[in-house]
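Peer 1:
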DNA sequence: GCCGTTTTCGGCCCGACTGTTTTCAGTCG
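Numbering (full-length UniProt numbering), first residue to last: 1 to 573.
1) With DSSP collapsed to three states, give me the class of residue 595.
2) Compare the C-alpha of residue 532 against each of 363, 413, 424 and 235 and name the closest.
3) How big is the Cα-Cα spacing for residue 17 and residue 102?
4) Since residue 434 is in the beta strand (DSSP E), which residue starts that stretch and which ends it?
5) State the Cα-Cα distance for the pair residue 97 and residue 236, rounded to the nearest angstrom.
6) Which term fits residue 229, buried or exposed, when burial requires 16 or more other beta carbons within 10 angstroms of its beta carbon?
7) How is residue 490 classed by DSSP in three states: helix, strand or coil?
8) Would a C-beta distance cut-off of 8 Å place residue 556 and residue 522 closer than the cut-off?
9) Where does the unbroken alpha helix (DSSP H) through residue 562 begin, and where does it stop?
10) Kindly identify the DSSP beta-bridge partner or partners of residue 109.
11) In chain order, which continuous runs of the alpha helix (DSSP H) of length 4 or greater are located wholly inside the segment 250 to 309?
12) Three or more C-beta pairs closer than 8 Å, one from the segment 270 to 283 and one from the segment 504 to 518: is that the case here?
13) Name the one or two DSSP bridge partners that residue 230 has.
14) At what residues does the alpha helix (DSSP H) containing residue 38 begin and finish?
15) Taking 7 Å as the cut-off, is the CB of residue 364 close to at least one heavy atom of the ligand COA?
16) Would you grab the beta carbon distance between residue 413 and residue 433 for me? Rounded to a whole angstrom, and I think it's under 8 Å.
17) Where does residue 509 fall in DSSP's three states?
18) Taking residue 471 and residue 446 to be in contact with their CB atoms under 8 Å, please state how far apart those CB atoms are, rounded to whole angstroms.
19) By how many angstroms is the C-alpha of residue 207 removed from the C-alpha of residue 215?
20) What are the start and end residues of the beta strand (DSSP E) that includes residue 180?
21) Should the segment 382 to 391 be called in touch with the segment 441 to 460, which here means at least 3 C-beta pairs below 8 Å?
22) If you draw a straight line from the C-alpha of residue 276 to the C-alpha of residue 270, how long is it?
23) In this structure, does DSSP put residue 356 in helix, strand or coil?
24) Using the three-state DSSP reduction, which class does residue 193 fall into: helix, strand or coil?
25) Ignore the nearest five residues each way along the sequence and tell me which others in residue 205's own chain have a CB closer than 6 Å to its CB.
26) Tell me which same chain residues have a C-beta within less than 7 Å of the C-beta of residue 129, skipping the five on either side of it?
27) Let me know the secondary structure DSSP gives residue 370 once reduced to three states.
28) By Cβ distance, which residues of its chain are closer than 6 Å to residue 33, with the 5 residues on each side in sequence left out?
29) Whose C-alpha, out of 338, 118, 24 and 93, is nearest the C-alpha of residue 79?
30) Return yes when the Cβ of residue 54 is within less than 8 Å of the Cβ of residue 68, no when it is not.
31) With DSSP collapsed to three states, give me the class of residue 462.
32) Specify the secondary structure class of residue 74 as computed by DSSP and reduced to three states.
33) Just checking, does the segment 337 to 347 make contact with the segment 299 to 316 on the three C-beta pairs under 8 Å criterion?
34) Taking the alpha helix (DSSP H) that residue 321 falls in, what are its first and last residues?
35) Pairs of beta-carbons, one from the segment 299 to 310 and one from the segment 537 to 545, closer than 8 Å: are there three or more?
36) Can you find the residues in the same chain that come closer than 7 Å, C-beta to C-beta, to residue 520, ignoring five residues on each side of it along the sequence?
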């Protein structure tokens, strides 16, 4: 069951789309889009708020708040139903086709009665679009191509795939003639968990050579748009890359603009307008004289708008502008702050590398401490026994890792259907650290799942809840537990929540982290490595923690070993 | 429909590219 906030957000997004399609006031549509985002990201559950509380959500006024109350009371909103009755759901679906927006969708529906993607494909093949105003032969071609893309849509890709591609594009273009600077921006720079396309920014004396080099990259399959300032391509990696080329002295304004998010950009541009300034990707200008004031660095632009530099992971219009004005932006945790990793495996269970190899690689990352946490016997395929675990402990105690790195002997316990774990307290008490995770029985009731996690927190030996929602991005949605209750239990019992850094998990996600932090929870950013290369996934976990506004102090594996050990003692005898 | 470090009314972010147009609307980010 989704949070009421998510249901309301989806409803308002649909309402905004329907307003656009029916040719309603574009500003009204934008208001509902904005409200949808604000409600989806709001920490408090809207079903617990009254009319007054709802209006305290920025972007939610009287009319919107009343619609929320109406929805929560009756399960629908009359104004939305009215538009739904005018426009079939399939017409809205048409706007998912690239190059087809609300205006064309309405024309297709009104003139030809087209209300589904299939009907549109048929109509194009029957040449029915020829007589419509604004539809030419190129439009037909683009629509057919767009339909193909939609039908084979891989949607967004995992962040590691996008990062590899982006870094390779940046490396290649940095070598192109006339390129002065090159970097990726967009959602990848903001550290989002999945990426829809890659934005690459170049500062160059002349755009020609770099544009050419770009379209000739080996993984480019198609050039979508090709101009002096912007070129867009599709790649064989399932995502598009946009390249923008700007003059060198526009670098800061352009980087700011292309990093987004769109919502953040709109907010800072509004701020500019209020100061009689105009902000574009070319710089910050005086509206009256047209004179450029600043543009070279992001810091310059923010400063002229009365703001400190805002780190990209915060740029989601989730309060960062207000915090910047008040001087209360968090000092975000960084990868360099991490002193260790608290959830890793070896080939004793389902890891691929030996204890020695994992430890050597961890030492190479400069960690001060490193925990080995192989599986316990309740994941029966791992064939773990007390004897095998104790033998590993002896091996760990004997190892002398380089650079004085300290080894912690831990375990990843399985949280059973009733919330119990593999071993009794007296055996667990001798581990340095216990991670406990759910690995099965994902479909229990909400109450059962909540109780299960709360019981695990109440175990005096459990230090960290591993991959708390068990989601696998794009493959398995997270379990349906009352997370706020779990967060409260973590804070009460001194149990940390994991931010699992593996790109297909990133669990907890940024929004959960923001909510958990309000409960006073501590976090562990862990690689969950099953092989040496996985240790480097930490960067994605850190980015997720940054998106959750976490500081060094919130993350237990940035602490000194002494402070960490005190935390890990928890309720043990 | 929302909102105010000029405003409780009159604004609401800005520019690139494409295709169908003869000067611009639509789409996208």
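Just so it is clear, CB atoms sit at the ideal spot from N, CA and C, and this is done for glycine as well.
Peer 2: According to the structure shown:
1) Nothing in the structure corresponds to residue 595, since the chain is present only between 1 and 573.
2) As a working note, residue 532 is residue 532 in the first chain. For the residues 363, 413, 424 and 235, the minimum Cα distance to residue 532 belongs to 363.
3) Reading the first chain from its first residue, position 17 is the one you call residue 17. Reading the first chain from its first residue, position 102 is the one you call residue 102. Roughly 8 Å separates the two Cα atoms.
4) Here residue 434 is taken as the residue at index 434 of the first chain, counted from 1. Residue 434 -> beta strand (DSSP E) spans 433 to 437.
5) The residue you call residue 97 lines up with position 97 of the first chain. The residue you call residue 236 lines up with position 236 of the first chain. C-alpha separation (whole angstroms): 20 Å.
6) Working through the first chain from its first residue, we reach residue 229 at position 229. That one is exposed.
7) Taking the first chain and counting its residues from 1, the one referred to as residue 490 is at position 490. Here residue 490 sits in helix by DSSP.
8) What you label residue 556 is simply residue 556 of the first chain in a count that begins at 1. What you label residue 522 is simply residue 522 of the first chain in a count that begins at 1. In contact: residue 556 and residue 522 (Cβ atoms closer than 8 Å).
9) Stepping through the first chain from its first residue, residue 562 is reached at position 562. Start and end: 561 to 569.
10) Looking up residue 109 in the first chain gives position 109. Answer by DSSP bridge pairing: none, since residue 109 is not bridged.
11) 251 to 259, 262 to 274 and 298 to 304
12) no
13) Start at 1 with the first residue of the first chain, and residue 230 comes out as number 230. BP columns for residue 230 point to 244.
14) By one-based count along the first chain, residue 38 stands at place 38. 26 to 40 is the span of the alpha helix (DSSP H), which, as asked, contains residue 38.
15) In terms of ligand content, the structure shown is empty, and the ligand COA therefore cannot be addressed.
16) Along the first chain, read from residue 1 onward, the residue named residue 413 stands at position 413. Along the first chain, read from residue 1 onward, the residue named residue 433 stands at position 433. Not quite, the Cβ-Cβ distance comes to about 11 Å (not below 8 Å), so this is no contact.
17) For the purposes of this step, residue 509 is identified with residue 509 of the first chain, where counting begins at 1. Here residue 509 sits in coil by DSSP.
18) Indexing the first chain from 1 puts residue 471 at position 471. Indexing the first chain from 1 puts residue 446 at position 446. No, residue 471 and residue 446 are not in contact; Cβ-Cβ is about 15 Å, not under 8 Å.
19) Stepping through the first chain from its first residue, residue 215 is reached at position 215. Stepping through the first chain from its first residue, residue 207 is reached at position 207. Near 12 Å, if we compare the C-alpha coordinates of residue 207 and residue 215.
20) Residue mapping note: residue 180 aligns to position 180 of the first chain, counting from 1. From DSSP, the beta strand (DSSP E) with residue 180 extends over 179 to 184.
21) no
22) By 1-based counting over the first chain, the position of residue 276 is 276. By 1-based counting over the first chain, the position of residue 270 is 270. When rounded, the distance between both Cα atoms is 10 Å.
23) Position 356 of the first chain holds residue 356. Reduced to three states, the DSSP call for residue 356 is helix.
24) For this step, residue 193 is matched to residue 193 along the first chain. It is coil, neither helix nor strand.
25) Mapped onto the first chain, residue 205 falls at position 205. Result list for residue 205: 178, in chain order.
26) To locate residue 129, count along the first chain from 1; it is residue 129. Closer than 7 Å at Cβ, skipping near neighbours: 123, 135 and 140.
27) The residue labelled residue 370 in the question sits at position 370 within the first chain. The answer is strand: DSSP assigns residue 370 an E or B state.
28) Walking along the first chain from the start, residue 33 turns up at place 33. Contacts found: 16.
29) By 1-based counting over the first chain, the position of residue 79 is 79. Of 338, 118, 24 and 93, the residue nearest in Cα terms is 24.
30) Reading the first chain from its first residue, position 68 is the one you call residue 68. Reading the first chain from its first residue, position 54 is the one you call residue 54. Going by C-beta atoms, residue 68 is nearer than 8 Å to residue 54.
31) Position 462 of the first chain holds residue 462. The answer is coil: DSSP assigns residue 462 none of H, G, I, E or B.
32) By one-based count along the first chain, residue 74 stands at place 74. The answer is helix: DSSP assigns residue 74 an H, G or I state.
33) no
34) Here residue 321 is taken as the residue at index 321 of the first chain, counted from 1. First-last of the alpha helix (DSSP H) with residue 321: 320 to 326.
35) no
36) Indexing the first chain from 1 puts residue 520 at position 520. Cβ within range, chain order: 491.
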